[in-house]
Structure formats: structure tokens, C-alpha cells
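Numbering of the sequence shown is given in the working numbering, commencing with residue 6 and proceeding in unit increments. Heads up, the beta-carbon is just placed ideally off N, CA and C, and yes, glycines get one too. The structure displayed is predicted, hence computed values, not measured ones. In what follows, a structure is listed as C-alpha cells, so that the remarks can point back to it.
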Amino acid sequence: MSNNRLIIFDTTMRDGEQSPGASMTKDQKLRIARALERMRVDVIEAGFPAASNGDFEAVRAIAGVIKDSTVCGLCRANDRDVQRGIDALHGAKAWRVHTFIATSPIHMEKKLRMTPQQVLEQAKLAVRYARNACPDVEFSPEDGSRSEPDFLCRVLESVIKEGATTINIPDTVGYAVPQQFGEFIRHLREKIPNSDKAVWSVHCHNDLGMAVANSLAAVMIGGARQIECTINGLGERAGNTSLEEVVMAVKTRSDFFGLDSGIDTTHIVPTSRLVSQITGFVVQPNKAVVGANAFAHASGIHQDGVLKSRQTYEIMRAEDVGWSTNKIVLGKLSGRNAFRQRLKELGVELEGEDAYNKAFQRFKDLADKKADIFDEDLLALVAQEAGRSSDEHWKLVTMNQASGMGERPHARVVLLQADAEVAAEAQGDGPVDATFKAIESIARSGADLLLYSVNAVTTGTESQGEVTVRLAKGGRIVNGVGADTDIVVASAKAYISALNKLESKIERLNPQHQL
Ligand code: KIV
Ligand code: ZN
Numbered sequence: 006m007s008n009n010r011l012i013i014f015d016t017t018m019r020d021g022e023q024s025p026g027a028s029m030t031k032d033q034k035l036r037i038a039r040a041l042e043r044m045r046v047d048v049i050e051a052g053f054p055a056a057s058n059g060d061f062e063a064v065r066a067i068a069g070v071i072k073d074s075t076v077c078g079l080c081r082a083n084d085r086d087v088q089r090g091i092d093a094l095h096g097a098k099a100w101r102v103h104t105f106i107a108t109s110p111i112h113m114e115k116k117l118r119m120t121p122q123q124v125l126e127q128a129k130l131a132v133r134y135a136r137n138a139c140p141d142v143e144f145s146p147e148d149g150s151r152s153e154p155d156f157l158c159r160v161l162e163s164v165i166k167e168g169a170t171t172i173n174i175p176d177t178v179g180y181a182v183p184q185q186f187g188e189f190i191r192h193l194r195e196k197i198p199n200s201d202k203a204v205w206s207v208h209c210h211n212d213l214g215m216a217v218a219n220s221l222a223a224v225m226i227g228g229a230r231q232i233e234c235t236i237n238g239l240g241e242r243a244g245n246t247s248l249e250e251v252v253m254a255v256k257t258r259s260d261f262f263g264l265d266s267g268i269d270t271t272h273i274v275p276t277s278r279l280v281s282q283i284t285g286f287v288v289q290p291n292k293a294v295v296g297a298n299a300f301a302h303a304s305g306i307h308q309d310g311v312l313k314s315r316q317t318y319e320i321m322r323a324e325d326v327g328w329s330t331n332k333i334v335l336g337k338l339s340g341r342n343a344f345r346q347r348l349k350e351l352g353v354e355l356e357g358e359d360a361y362n363k364a365f366q367r368f369k370d371l372a373d374k375k376a377d378i379f380d381e382d383l384l385a386l387v388a389q390e391a392g393r394s395s396d397e398h399w400k401l402v403t404m405n406q407a408s409g410m411g412e413r414p415h416a417r418v419v420l421l422q423a424d425a426e427v428a429a430e431a432q433g434d435g436p437v438d439a440t441f442k443a444i445e446s447i448a449r450s451g452a453d454l455l456l457y458s459v460n461a462v463t464t465g466t467e468s469q470g471e472v473t474v475r476l477a478k479g480g481r482i483v484n485g486v487g488a489d490t491d492i493v494v495a496s497a498k499a500y501i502s503a504l505n506k507l508e509s510k511i512e513r514l515n516p517q518h519q520l
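Okay, here's the thing in C-alpha cells:
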């Protein structure tokens, strides 16, 4: 691989999945894996095979279908974990075992309760074990950025001798600062005699909002050539390095970086929406590249400039990242073929005729309520389906509510459970509150509502509202998403989707939380 090639390693389905409520089913992981492959991500970290049978099966299924990306699994540095990784991955066309152990004084002493010498031996054993089965082995010294440099050099030199082909330095707690982190990587590469035998990678968390900057500094100052990142920057706590930001920084400022990521950037927005819908993590409107406002010019001066010449205020073209400039794309009279063709142009592939038929029916229902259908509506429509479980316990049959100034809002909902309709009414502080109370009086979940958020899918008051509801019960956290032109209906859909996730027998994977 040439020295100006930047390897993109996506860990949305492993580190990203560690966000509260972001756990995914095997089918959902498969959909995301296919989207990442279409985007031409180099390495897809599909999960943590030793964490649970469910995650093992998901990694194995992804290894079985993905052909154009390397499929990777994370394993702690011990024989059992690494063997589980090998068993899950070995069917893939290209696969990588990623093993890690903490090397910072605080992690070794307080978490692992191991001496540095024990950690060193464990790291060597794990890499040797993995290399016996797999030619592509990545090693990460967890909390690398807070590790003592001389000890880190000893560990890394040893694991490269054992055959590690990628060395990944995590900034596990998001403590690093760009200049210093870049110099740290350069120091390691200069000091370790066999450093040229491995590709250098970084994995940054965003606790101080510097994950992307730290990753790019590691590339430019330190000579790293792999960045670990996630779609929408999803991940533990404040998240990880955002894939779309890194990729577009390198592409837009190729004059400065002189690097090529190989990513098909036109798939960025559809993939962002898919991940957001599946995980229930809404993308903030002002998020770079994929936020709803990222290409919207609100002020008169900007609009005037853009109309005269786009380059006055636009450094990237919206269509290059998969946005479609709010064009009216379809309407009530659009047929099945036009619908299918537009999904294809948006990079959306549904599985089987049945899925297309169902999606088309939902499109027709939406077109009855909304005259102009934009690409964003289509993406919300198909992605909403992606967030749905196949074993739905509750279904919304009908609902209505009444509210007015000075009146206490009142809602009535009818749900279907096991082929029987159940109705309930409730009052609340607002129409959404009354609706949730009515649903809850039927479902009696007792779950705590952790988050309620509403987002407009497109501009204008006729836009669909997209609602996220996060519920917690018995230590489990789930996110439900719903979209509709009526935001109270969208809210009810989101609440019911979250309840169905709590009820679901389909295993939701959340690897490291179970270790
Ligand atoms: O943040 C971290 O240290 C990690 C490693 C396991 C790579 O996720
Ligand atoms: Zn991490």
C-alpha cells in the first residue's frame, strides 16, 4: 500500500455500540456492515466475539457476507478471547484479529492488578497465538496515551517481533492534545527499532472534543496511516473520532494532507442516517458533514454569495457526501420503479421483494399526508424500518389527542398485542405526555424515560418529525425512533419502538458492558 493511503478502520459496531442504548441486533449489524462495505471502508470492526454468543454470531455472519472490506473482531489479550475471535472470523475473505491490553500505570495497577512484566508477557502471548492462525493481527495498548513511553516502547517492540502487523495507539479517555499526541506517535515510531514492520494506527475518544484533531495530528506529525473511527462519531461517553469528518477533512484539504482514504464519500449521509436510526442517536443539526444544517446557508449575505458562486461559502459539495439539496424527488403519483430507482441512487439496498413492497406502501402512506417527498423523507422512511425489531410485541393501531390553550391535554391510544386490540386514555401535561401515559397504562413497562428528542427531517412545517425515546429498565437501556408528519404520532411510534426493544427476545449486543 502506498504511503499516501490512509486506512479507514470503522468501529461503529464495536466501540460505537457501547453508547447507552445503541446495542444492535445481528440483522441490524449486517445492514450497517453492508453500508460500510459499499462506502469502501477498509476494515470493519464487527464486534467482540468473546463477549457473548450473540456477538460471536453477528461477527461470524458479517465475516460470511462481506467481501470488499477486511472484517475484524476485538479480543482481550488471552487465548480464550483470541480463539473465539479466530473462530468467528476465519470464514471471511479478509480478516483481522485485534487484541488489546492496558499499559498505563493506573490501568495495570487498579484495573488489571498486573505488574508491567505480566502485561508484557500477556501481550506477547496473545499476539503469538493470533498470528499462528491469522496473517493480519492488530495490537492496542489500551490507555496508550497515558502509558509510560519507555514501557510502551518495550511492549510494542515485542509484539511487533511476535508478528503484529498493525499497532494502534488508543487515547482511551480522550486526554490527548493534537500536537503532543502527534509527537508521541512520532517518538514511538522513531524509538522502536522494528516500527517499520507495522502500520501505525490511532483510536481517539472525544472527551475534550479533540478526537478528530488528535487523529489527524497523529497522521501528519506522527506518521500514522490508519485511523479508527465511527459513523457520526458514535461511541463510549463523548464518542470516537467521526469517520465522516476525518474522511472529508482529508479529501477537502488534500493540498495539505496529501492523503487518499479510498472512501466513496457519496455514501456518507445515507450511512449516517442508517446508523442514527438503528441506534436512536440523533445527529445534531450543526454536526459537520452530516448535520441537517451542514450545508444550509441561513444568512442573507451567505445565500447571496452562494447563488453567485458556490465556492464563496462552500468548501465541500453537499452531493459529494450524499446530500441531495432538498430536491422534491417523488410525489403521490410516483410509481414503484421511480421509488426503487431513487433508493438505488441514494445507495439504499433493501433485502428482498417483500422489503421493497412494504417500503413502497409506507411511501404511499406518507405521500397521502405530504405532497412533496424529499430524499431525507425517503431515508427516514427506510431507515425507520431498519430500527424495527422483527418480533414486535406492541403495535400502534390508532391514536388521537385533544389539547388547547387552558385545557388539560387528553390522549387515546389503541395498541395491538398478540392479535388483540387494547385501548387506553390518559391526561398529561402536553399531548406527548398524555400519549405516553396512555401507552404506559397499557404496557405497564415501569421503564424510566431517559431522553425524549424531536428533530425535523426536512425544512418547513410540513416536515416529518423524527423522535428518539430512550428508556431504561432493570439495567438495560434502549432507544426507540419514530418518524411522522405528526410529531405526536412520531413520539408514540418512538415510545412503542423502545418498548418493543425492551420486550424483544432477539439478542441485542453490547459487548463490553457484559465483560
Ligand atoms: O478506547 C480504547 O482503548 C479501545 C481499545 C480497545 C482499542 O476501544
Ligand atoms: Zn475506544
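- Between the alpha carbons of N137 and E233 lies a gap of roughly 25 Å.
- Per DSSP, the unbroken alpha helix (DSSP H) holding S163 starts and ends at 154–166.
- Contact annotation: the segment 307–320 does not touch the segment 284–298, with fewer than three C-beta pairs closer than 8 Å.
- Cβ contact annotation for G69 (same chain, cutoff 7 Å, sequence separation greater than five): G96, in chain order.
- Going by beta carbons, A499 and V483 fall outside the 8 Å limit.
- Distances from the CB of D20 to the heavy atoms of the ligand ZN include at least one below 7 Å.
- By the neighbour-count criterion, in which 16 or more other beta carbons inside 10 Å mark a residue as buried, R230 falls on the buried side.
- Secondary structure at K478: strand, using DSSP grouped into helix, strand and coil.
- D15 places its beta carbon less than 8 Å from that of I49.
- Sequence-distant partners of K442 (beyond 5 residues in either direction) whose C-beta falls short of 8 Å from its own C-beta, in its chain, are A416, A431, Q432, G433.
- Taking the C-beta atoms as reference points, V207 is found no nearer than 8 Å to S247.
- Burial state of S314 is exposed, judged by a 10 Å Cβ sphere holding fewer than 16 other Cβ atoms.
- Minimum Cα-Cα distance from S163 among the listed residues A128, K374, Y134 corresponds to A128.
- DSSP lists S206 as the beta-bridge partner residues of N173.
- Contact annotation: I378 and L420 have beta-carbon atoms that are not nearer than 8 Å.
- In summary, V402 is exposed, with fewer than 16 beta-carbon neighbours lying within 10 Å of its beta-carbon over all protein chains present.
- In the DSSP assignment, G187 falls within the unbroken alpha helix (DSSP H) covering 183–196.
- Spanning the alpha carbons of N460 and K369 requires a straight line of approximately 22 Å.
- Less than 8 Å separates the beta-carbon of I444 from that of I501.
- Cβ-Cβ distances below 8 Å link A385 to R278, Q282, V462, Q469, E471, A488 in the same chain, with the five nearest sequence neighbours on each side left out; the list follows chain order.
- When beta bridges are read from the DSSP output, S458 appears opposite T473.
- Here V178 is not bridged, per DSSP, to any residue.
- Secondary structure in the segment 256–283: the alpha helix (DSSP H) runs of 4 residues or longer, each lying completely within the stretch, are 259–262 in chain order.
- Counted as a single uninterrupted DSSP element, the alpha helix (DSSP H) harbouring E358 occupies residues 357–374.
- DSSP, read as helix, strand or coil, puts M18 in coil.
- One Cα belongs to D269, the other to F156, and the distance between them is close to 39 Å.
- In terms of Cα proximity to F186, the closest of S200, S220, V474 is S220.
- Each of E508, M44, P146 was checked against the Cα of E397, and the nearest Cα belongs to E508.
- The three-state secondary structure of K115, taken from DSSP, is helix.
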